[in-house]
Structure formats: C-alpha cells, structure tokens
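Just below is one structure, and these are the notes that go with it.
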Amino acid sequence: MVAPPGLCYGRLDLEARAILPEERRVILAALQPLRSPRWYCSPAERCRALAAALEAPPACLDPALLEFDFGDWEGRSWDSIPRDALDRWAADPAGFTASGGESTTAFTVRLRGVANHLLQQEGDAVVVAHGGPLRLLPAMLRGENPDLLAATPSCGSVTLVTLPTDAGPRRSA
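Numbering (the working numbering), first residue to last: 1 to 173.
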C-alpha cells in the first residue's frame with residue numbers, strides 16, 4: 001500500500017510510489033558530480049525501490065537509516081491521534097516518545113552513528129533514506145546540531161552536503 005494522505009507512518013514498510021522518468025533524470029543529474037560514491041540505503045521497501053529505479057550499484061542496507069518509529073501511532077491517520085499527545089510532542093519534540101515508539105533521543109543517537117560512519121569513509125556517499133534521517137543527517141555531517149523541527153526534504157529530492165576541506169571529503173545525503 002502506498003501511504004494515503006494524512007497517514008502517520010515511519011517504520012511502517014509501505015510500497016514505494018513509482019518514480020517518474022523526469023524525477024529519475026533530475027536525481028541522476030544531481031548525483032553526476034559525485035566520484036564513484038558508496039551507496040547506503042534504508043532496508044525499507046520504499047528506499048530499496050528508489051535505489052533500484054536509479055540503477056544504483058549494490059548498496060549497504062543499514063537499519064540505522066530506517067525512519068523514526070512512531071509506535072502505536074504507526075498506520076493511523078493523524079486526525080485519529082489524541083490531540084493532547086500531539087500537543088505534548090510539539091511542546092517537547094526532543095523529549096517526547098509516542099507510546100510503543102522510539103524516543104527522539106534514541107533516533108538522534110542512531111543517526112549520529114550513521115553520520116560518524118560516513119565521516120570516517122573516504123570519498124562520496126549517497127544515502128537513500130526517509131524524511132526524518134535526511135532532515136537530521138546534513139547538519140550532523142557538518143558538525144552542527146540538527147533541528148528536529150526543520151522542514152523534511154521532499155520525496156525524491158537530493159541534498160548535497162559539502163564539508164569544509166579540513167573536515168574530509170564531500171558527502172551527499
């Protein structure tokens with residue numbers, strides 16, 4: 001099932017929407033400057049399908065790139081989630097954990113591990129993942145504190161992260 005509008009999903013392994021030929025062309029053109037990048041991919045079907053549509057070389061499937069786990073909220077419409085729970089989350093996004101889900105702290109620690117791994121690798125990297133990880137990783141790669149409330153990159157977008165020359169090689173997330 002492809003996610004209908006208004007559905008809360010993170011770890012829920014949904015079917016990927018088809019990538020349009022023009023989207024594929026734009027993504028591949030954005031990646032063209034990279035020199036033989038290593039590919040890292042969330043093991044979720046929607047990410048593996050995108051990597052396959054881009055005819056990526058074999059990628060390292062990394063569970064640390066999975067989306068945030070919304071626990072009991074997974075698969076529910078946002079409108080059906082109690083308003084007081086959403087308000088508690090909005091008031092303290094760094095400290096809130098949805099019932100049965102992952103804490104934001106655990107999510108951030110998990111992604112810091114990914115960022116540290118990428119920074120230790122030589123050469124360019126392509127990361128095929130979800131909105132949450134792709135929202136936080138660029139800041140982490142630049143050595144900045146991630147903004148938990150930053151805008152999520154649009155589906156199928158490419159964010160190039162250029163590190164300062166003293167920080168190591170260029171990375172893409």
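A virtual CB, placed ideally from N, CA and C, is assigned to each residue, including glycine.
None of these values were measured; they are calculated from a predicted model.
- With respect to the 8 Å criterion, P138 and E67 are not classified as neighbours on the basis of their beta carbons.
- With contacts defined as CB atoms closer than 8 Å, E45 and D69 fail to qualify as a contacting pair.
- Note on R83: under 16 other CB atoms within 10 angstroms of its CB, so exposed under the neighbour-count rule.
- Excluding residues up to 5 positions away in sequence, nothing lies with its Cβ nearer than 8 Å to the Cβ of D87 in the same chain.
- Secondary structure note for C41: its beta strand (DSSP E) is the uninterrupted segment R38 to C41.
- For S77, DSSP records a beta bridge to L7.
- A125 sits in a strand when the DSSP states are folded into three classes.
- As DSSP reads the structure, L61 sits in a beta bridge with C41.
- Assignment of I19 by DSSP, reduced to helix, strand and coil, places it in the coil class.
- In terms of Cβ geometry, L54 and R17 do not form a close pair [threshold 8 Å].
- With contacts defined as CB atoms closer than 8 Å, A52 and V158 fail to qualify as a contacting pair.
- Taking every protein chain shown into account, the CB of T105 has fewer than 16 other CB atoms within 10 angstroms, so this residue is exposed.
- For F68, the secondary structure class from DSSP, reduced to helix, strand or coil, is coil.
- For T152, there is no enclosing alpha helix (DSSP H), as DSSP marks it with neither H nor E.
- As for any alpha helix (DSSP H) of minimum length 4 sitting wholly inside the segment 86-137, the runs are 104-120, ordered along the chain.
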